[in-house]
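Colleague: Okay, so the sequence shown: first residue is 1 according to my numbering, each after it adds one. No residue lacks a Cβ here, since even glycine has one placed at the ideal position from N, Cα and C.
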Amino acid sequence: MNIPNIISMMRILLVPLLVIFLLQGKIYLALLVFFLAGLSDALDGFLARMLQQKTSIGAFIDPLADKLLINTAFVTLAILGIMPDWLAVLVVSRDIIILVGTLVLMLTGRAMKIRPTLDSKINTVTQLGCVCFFLAFDLLGSLQAWAQTILVVTAIFTIVSGLRYIVIGFRILGKTNNDGEIG
């Protein structure tokens, strides 16, 4: 296990702490944990490239950690009434659709090289920013007026990136050979 993979594992371990702080109403501590987890996402990717330590386990753990963090944050914030339910459902549904699509491709014997698309990367940043915004909401003063815009932008990128993966999946399913590529 290398340093980038350890950082990804630490991000997974921060998820329960995030939920505990949210459930206890310790929003600022939850914001700190979420912010640190977001920074760790950037750090592990940077170190993996810089130290030339990209691994197959890292390619699995890193996106898993991202999805656990983001989905857990959206669901918990929606349950607590801090964020709208519809956005949490949209974020989680996108990831479930992508997961099911990946399983279908695997079950049909399609080889895949999984790479995030540009809009997926933008989506991740948008979702992370949205969670940070709502965790820091009480501190934002006049910036609170941007809440609706942030919700809509997050929803748009979630939908666009989800649709992109659906199109890619159908394209791979339509191929007659076994050289499918996602991303």
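With distances taken between CB atoms, is the gap from residue 10 to residue 61 smaller than 8 angstroms?
Modeller: no
Colleague: Any heavy atom of the ligand PLP closer than 7 angstroms to the CB of residue 10?
Modeller: Because no ligand of any kind appears in the structure shown, any question about the ligand PLP cannot be addressed here.
Colleague: Check each candidate in 130, 136, 50, 138 and name the one with the smallest Cα separation from residue 149.
Modeller: 130
Colleague: In or out: residue 157 buried (at least 16 other Cβ within 10 Å) or exposed?
Modeller: buried
Colleague: How close, in whole Å, do the beta carbons of residue 166 and residue 101 come, if the pair is a contact with beta carbons under 8 angstroms?
Modeller: 7 angstroms
Colleague: Give the DSSP-derived three-state secondary structure of residue 182 in the structure shown.
Modeller: With a pLDDT of 47 at residue 182, under the threshold of 50, the modelled position of this residue cannot be trusted, and the question is left open.
Colleague: For the alpha helix (DSSP H) containing residue 5, list its first residue and its last residue.
Modeller: According to the DSSP assignment, residue 5 belongs to the alpha helix (DSSP H) that extends over 3-23.
Colleague: Determine the burial state of residue 184: buried for a count of at least 16 other Cβ atoms within 10 Å of its Cβ, exposed for fewer.
Modeller: What is shown of the chain runs 1 to 183, which leaves residue 184 out entirely.
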